[in-house]
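To keep things clear, I will list the structure first and then write my remarks on it.
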Amino acid sequence: MSLTIRTGTIIGALALALSIGPALAVGDAEHPHEPHEGWSFTGIFGQYEQQSLQRGLLVYENVCASCHALEYVAFRNLAEPGGPGFTMDQVRAIAAGHQVLAGPDEDGNTVDEYGLPLTRDAIPADRFPLPYTNEQQARARNGGALPPDLSLMAKARLNGPSYIYSLLTGYEDAPDGYEMQGGMNYNPFFSGHQIAMVSPLYEGAVEYPDGTEATVEQMAYDVTNFLMWAAEPKLEARKRLGFQVMAFLVLLAGLLYWSYRKVWANIEH
Amino acid sequence: MSHESTYQPNSGIERWLDARLPVMRLMHDSFSAFPTPKNLNYWYTFGGILTFCLIVQIATGITLAMHYASDAGLAFASVEHIMRDVNFGWLIRYTHAVGGSMFFLAVYIHMFRGMYYGSYKAPRELLWMLGCVIFLLMMATAFMGYVLPWGQMSFWGATVITNIFTAIPVIGTPIQEWLVGGFAVGNPTLTRFFSLHYLLPFVIFGVVILHIWALHVTGNNNPTGIEVKGPQDTIPFNPYYTVKDAFGLVLFLLVFAAFVFYAPNALGHPDNYIPADPMVTPPHIVPEWYLLPYYAILRSITFDIGIPFTDIVLIRAKLLGVIALAASIVVLFLLPWLDTSKVKSLRYRPMLKPFFFLFILVCIGLGWVGAESPDKVLFAAGTFQFQMVHLGLTLTAAYFVYFLLVLPIVGVIEKPKPMPASIADAVLKGRAAAPAE
Amino acid sequence: MILEGAFPVATSETTNPDRRDFLYIATGAVGAVAAGAAALPLIDQMNASADTLAVAQIRVDISQVPSGQQVTVLWRGKPVFIRHRTAADIQEAEEVDWEVLRDPQPDSARIKDGHPEWLVMVGVCTHLGCVPLADRGEYDGWFCPCHGSHYDTSGRIRKGPAPTNLPVPEWVFVEGSNDQVIEIG
């Protein structure tokens, strides 16, 4: 009897402990929701949709990159397995479309004759360049608000992907009588309901080369997938290895249990 | 308990070694031939599981340290470098992070086992206290380790916990500034925490050796709480408990692997994926789940102690909270002397048993309270609001009542159930206790 | 380890001992595989990480290097000389009786067919690792100031303590770049 009670208590404790996490809502923000098709990367066999990742990169570049950095992602990551699946030549072309800070020239200058920093074309080994030189410049150009780096956003928020998707599709008019601070925008999914970022997505904001219709939901879905990959590029490898490890451990558990029974066969216990 | 060594060196090398440094003999006597009670159940596999956890943490920790940069400007990025660029870096990092949680899960089960079967009672008091020392070292190690990624929770958790010292009158702030290496948590704090986080696991390893040594002097306790009376009560550790421990370990690893591969961030906090910012405090600062009960105790004391009907304050609430926190751990060390019963195992202690399960619920409840906002209202009756902090105080009181009142009193007034004459008897006649002849 | 140690005295073997042993061996083997598999990531993490490997190959635009000049780039942590040789340099390199050199190598083995004007070499002296100076020395090539090694216009050791010629790394002209870009490594 006591064994069962004890086991039940421990399991109950674990369940409670695990339920604490998701139950913590962030302040008064509305609970985020998934897109109607759900996320392809969740679950034991979760994977990224390569086409969506590629479209998401386009959304990031055209809509987000002017203000939001992606400092931990390198161009070469775009060609790595488990990601958008670009070829190295495509990656070189994507990289070359960006300028990164170049080191001092042979005269020791780090700026050109206009005082602008010297730059060079990016190569695959470079990371995505930052839109602003420093935090102060970012704030100055965004009404005092600091657009956060997006490399880890999908993991830096509770239910990260759903949060990003809900936020991007969730802009609406403030309820009647609600007092908005100057320059802020109403979004029920943001803690405090007032966000400095104007709704960044609108119908047709980007033109997808694969012909997919660029609705707000579609772009939000694609860029969220992209940002989830940016935060967890090793997700597919992790889940694949996980399956092998679990299967192996189950096998080993079976063998050990059989050995245990055999070893203890003649002992009263 | 000294047993005659049964080790027989059976090669020239073994004889040579045995005459100069008898390690093989020691290994044989301690982990192969060691007479172990034959009735140990699966709760007894957690000692081996804990040793495994320590080895995993050290192995993954050392390899992480090959890539980690312990400077405030580089730390966060170095962890991302590990996750993205280092071969299998993501696996090693997630194993180390989840491993910390698994380590505490195992240690709490191990401690509750010890409390249930009375493994802390004479002659095993020192064994229990060495275990408490290991637990304390684990908490220090885990706390410092969590600071290293230098995320928001790392930084602010370090700030809140080091600020605890400022509660001590007069010398508190100088101590805190000495600890932190400045006026606030910063780069000096990070670099010294890295040094100590690398050091302490090896101190833990040393205390674990003492812990196992102390265990081997007295011999293992067992679920009946009745001491071994002779060879009919025991079996050699190998192969019986090596195979059982291995099986228990693999089951544990299934849980461990499930988290590492399928929910690696479930036990962590999203805010730690935001780089530390001394200018922005997160809305809710919480430690990792295994420290939540202690966090709840710390925050539950919100009243000062003073002289009634005067304005004189003797001890402020902040210091009282710190004292309560310290006391909650000190009371563990005193457990062998707080429990007055001569009967070890709760199998035969019908009065204490329900209190023990309530105690477990109290600990879980404290963990829940530690995660929640103190002013969250649980229910209201008229103008009175019962908040989380009140629940925390109630549970803290219950925690201390268990140790300081229940254990001493129940031990004296309880009538234990009849116990078997010996382990062998208990095992032969099944779990139903046979009356002693 | 499972088979080691004392078995209890009273044991009645009801199972086939061979099958029992096989089980234990199989279990032990699977356990050993598990341990080995667990060790692999811990060892592999010491190998070069992805960001290091990303710069294991570099592309260099050589279109701006005038004849008779050299550009030095960093490749795998070491300097690489990319020299745009003059006709005179090439002729001097080809006329050397290479078979009697300390490290015999014809100039043709050190350049790309049809492009003898491009000489790419790791600029680390093969003696003890200093960086040789260009346009110095008695052989119109490079001179290492540390212990006095002289290299010729093909980067071959001619005088001094260095044992071998300056190494030529793997390199190619990048396809489609009209020979204006090379990739080293």
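Residue numbers (our numbering), protein chains in the order written: chain Y, 1228 to 1496; chain C, 9 to 445; chain U, 62 to 246.
Just so you know, even glycine gets a beta-carbon here, dropped at the ideal spot from N, CA and C.
Check your understanding: Under the DSSP definition of a beta bridge, which residues are partnered with residue 194 (chain U)?
Key -> U:204
Quick check: the Cα distance between residue 289 (chain C) and residue 145 (chain C), rounded to an integer number of angstroms?
28 Å
Exercise. Going straight from the alpha carbon of residue 235 (chain U) to that of residue 122 (chain U), what length do you get?
Worked result: 10 Å
Margin query: Tell me which residues of the region 1270 to 1304 of chain Y have at least one Cβ-Cβ distance to chain U shorter than 8 Å, keeping chain order.
Written below: 1301 and 1303
Q) Helix, strand or coil: which one does DSSP assign to residue 393 (chain C)? A) strand
- Query: From the beta carbon of residue 93 (chain C), is the nearest beta carbon of chain U less than 8 Å away?
  - Reply: yes
Own chain residues within Cβ distance below 7 Å of residue 399 (chain C), not counting five before or after = 377 and 386
Q) Helix or strand or just coil, what does DSSP make of residue 359 (chain C)? A) coil
query: The alpha helix (DSSP H) spanning residue 185 (chain C) covers which residue range?
result: 180 to 188
request  = Could you run through the region 1472 to 1496 of chain Y and flag, in chain order, every residue whose CB is less than 8 Å away from some CB of chain C?
outcome  = 1472, 1473, 1476, 1477, 1479, 1480, 1483, 1484, 1486, 1487, 1490, 1491, 1494, 1495 and 1496
message: So that I know if they touch, is there some Cβ in chain Y lying closer than 8 Å to that of residue 97 (chain U)?
response: no
| field | Selection from U:102, U:233, U:214 and U:202 that minimises the alpha carbon distance to residue 119 (chain U) | value | U:233
* Give the residues from the region 1349 to 1370 of chain Y that approach chain U closer than 8 Å (Cβ to any Cβ), ordered along the chain. => 1350, 1351 and 1352
Taking any Cβ of chain C, which residues in the region 1303 to 1334 of chain Y have a Cβ under 8 Å from it, in chain order? 1304
Here's the rule: buried if 16 or more other CB atoms are within 10 angstroms of the residue's CB, otherwise exposed. What is residue 208 (chain U)?
exposed
Status (buried if at least 16 other CB within 10 Å, exposed otherwise) for residue 1249 (chain Y)
Note that residue 1249 (chain Y) has pLDDT 42, beneath the 50 cutoff, so the model's placement of it is unreliable and the number below is only indicative. Burial call: exposed.
Point to revise | residue 51 (chain C) versus residue 122 (chain C): straight-line alpha-carbon distance, rounded | key: 9 Å
Buried or exposed by the 16-neighbour rule on C-beta atoms within 10 Å, applied to residue 1252 (chain Y) = The predicted position of residue 1252 (chain Y) is uncertain, since its pLDDT is 49 and thus under 50; a value taken from the coordinates is nonetheless stated next. Its Cβ having fewer than 16 others within 10 Å, residue 1252 (chain Y) is exposed.
**Asked** Beta carbon of residue 1328 (chain Y), beta carbon of residue 1318 (chain Y): below 8 Å?
**Response** no
Strictly below 9 Å CB to CB, what residues from chain Y border residue 84 (chain U)?
1482, 1485, 1486 and 1489
| message | Any beta carbon of chain U sitting closer than 8 Å to that of residue 97 (chain C)? | response | yes
Note to self: Counting only Cβ pairs nearer than 8 Å, list the residues of chain Y close to residue 278 (chain C).
What the structure shows: 1382, 1383, 1384, 1385 and 1387
Would you call the CB atoms of residue 226 (chain C) and residue 434 (chain C) closer than 8 Å?
no
Q) Excluding the five sequence neighbours on either side, which residues of its own chain have a C-beta within less than 8 Å of the C-beta of residue 346 (chain C), listed in chain order? A) 339, 411, 412, 415 and 416
> To which residues does DSSP link residue 43 (chain C) through a beta bridge?
Replying inline: C:244
Same chain only: Cβ atoms within 6 Å of residue 1315 (chain Y), ignoring 5 sequence neighbours per side:
1306
*According to DSSP, residues forming a beta bridge with residue 1422 (chain Y)*: Y:1412
Inset, instruction - Would you kindly report the start and end of the unbroken alpha helix (DSSP H) that includes residue 226 (chain C)? - result: 195 to 226
Tell me whether the beta-carbon of residue 431 (chain C) lies closer than 8 Å to the beta-carbon of residue 47 (chain C). yes
**Asked** Listed in chain order, which residues of the region 101 to 117 of chain U have Cβ atoms closer than 8 Å to some Cβ of chain Y?
**Response** 111, 112, 115 and 116
Exercise. So, is residue 227 (chain U) buried or exposed, given that buried needs 16 or more other C-beta atoms within 10 angstroms?
Worked result: buried
| According to the neighbour-count rule (16 or more other Cβ atoms, all chains shown, within 10 Å of its Cβ), is residue 86 (chain C) buried or exposed? | buried
task: Taking a Cβ distance cut-off of 7 Å, strictly less, list which residues of the region 1444 to 1471 of chain Y are near chain C, in chain order.
output: 1460, 1461, 1465, 1466, 1468 and 1469
Practice task
State the Cα-Cα distance for the pair residue 1322 (chain Y) and residue 1301 (chain Y), rounded to the nearest angstrom.
Solution key: 9 Å
**Request:** Compare the C-beta of residue 1404 (chain Y) with all C-beta atoms of chain C and state if any pair is closer than 8 Å.
**Result:** no
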